[in-house]
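Right, one structure below, let's go through it.
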Amino acid sequence: AMMKHEDLAMALAAIGDKGYEGPELEAACKALGGSCALASLPSQRLLALAVSATKSCAMSVLSGQVLEAAVEVLGTWPPQEAIRLLLALAKPRSRPGEASAEGPNPLWAKLLQKAASVVRPVLGELPPAELIR
Numbered sequence: 018a019m020m021k022h023e024d025l026a027m028a029l030a031a032i033g034d035k036g037y038e039g040p041e042l043e044a045a046c047k048a049l050g051g052s053c054a055l056a057s058l059p060s061q062r063l064l065a066l067a068v069s070a071t072k073s074c075a076m077s078v079l080s081g082q083v084l085e086a087a088v089e090v091l092g093t094w095p096p097q098e099a100i101r102l103l104l105a106l107a108k109p110r111s112r113p114g115e116a117s118a119e120g121p122n123p124l125w126a127k128l129l130q131k132a133a134s135v136v137r138p139v140l141g142e143l144p145p146a147e148l149i150r
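The sequence shown lines up with residues 18 to 150 when you count with my numbering.
Structural data, given as structure tokens:
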């Protein structure tokens, strides 16, 4: 039986969060990214995938797809989760000596606009620790 996409995302994020590397993890990430719309995942799962990509190069293959999904759904997220997602997507882990040949991703501007629309209305209510991250 095949694993549900949400369960696979949860398992991959937990493994990546421990810093695990390996071709099997990278293959599983590619399978997840290729088989489902990540935007359909709950915000906690998408955030967990982004955070685990800061600890595992193998997980970072999903960063672009997480960014695309976030552009679609970030407007519905709690402000604290939006801030955490931005921070995680800003620093995915890469292999030593691996340079990004892509340059800036045009989706970043869209994501930042969405995040601003989520955070701006509650900016005065957020704890200072959320803003200093």
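Beta carbons: idealized from backbone N, C-alpha and C, even for Gly.
Note that the structure is a prediction, hence the values are computed from the model and not measured.
Quick check on DSSP: helix, strand or coil for residue i?
{"i": "Ala118", "result": "Here the model assigns Ala118 a pLDDT of 48, short of 50, so the residue's position is not dependable, and the following value carries that caveat. Residue state, collapsed to three classes: coil."}
{"i": "Ala26", "result": "helix"}
{"i": "Lys47", "result": "helix"}
{"i": "Ala56", "result": "helix"}
{"i": "Gly141", "result": "helix"}
{"i": "Gly36", "result": "coil"}
If you compare alpha carbons, which of the options is closest to residue i?
{"i": "Leu79", "options": "Gly92, Glu38, Leu49", "result": "Leu49"}
{"i": "Glu43", "options": "Ala31, His22, Ser77", "result": "Ser77"}
{"i": "Ala31", "options": "Ala146, Val68, Ser52, Gly141", "result": "Val68"}
{"i": "Arg137", "options": "Pro95, Arg62, Lys21, Lys47", "result": "Pro95"}
{"i": "Leu129", "options": "Glu41, Gly51, Leu106", "result": "Leu106"}
Starting from residue i, follow the alpha helix (DSSP H) in both directions and report where the run begins and ends.
{"i": "Leu102", "result": "96–107"}
{"i": "Gly81", "result": "80–90"}
{"i": "Arg62", "result": "60–69"}
{"i": "Leu128", "result": "124–136"}
Looking at residue i: is its Cβ nearer than 9 Å to the Cβ of residue j?
{"i": "Leu66", "j": "Leu29", "result": "yes"}
{"i": "Thr93", "j": "Ser60", "result": "yes"}
{"i": "Glu38", "j": "Ala75", "result": "yes"}
{"i": "Ala70", "j": "Pro109", "result": "yes"}
{"i": "Val88", "j": "Leu64", "result": "no"}
{"i": "Asp24", "j": "Lys72", "result": "no"}
{"i": "Lys54", "j": "Ala26", "result": "Just to set this straight, residue 54 is Ala in the shown sequence, not Lys. Result no, Cβ atoms of Ala54 and Ala26 do not sit closer than 9 Å."}
{"i": "Leu91", "j": "Leu104", "result": "no"}
{"i": "Leu97", "j": "Leu140", "result": "According to the sequence provided, residue 97 is Gln. The question's Leu does not apply to it. No."}
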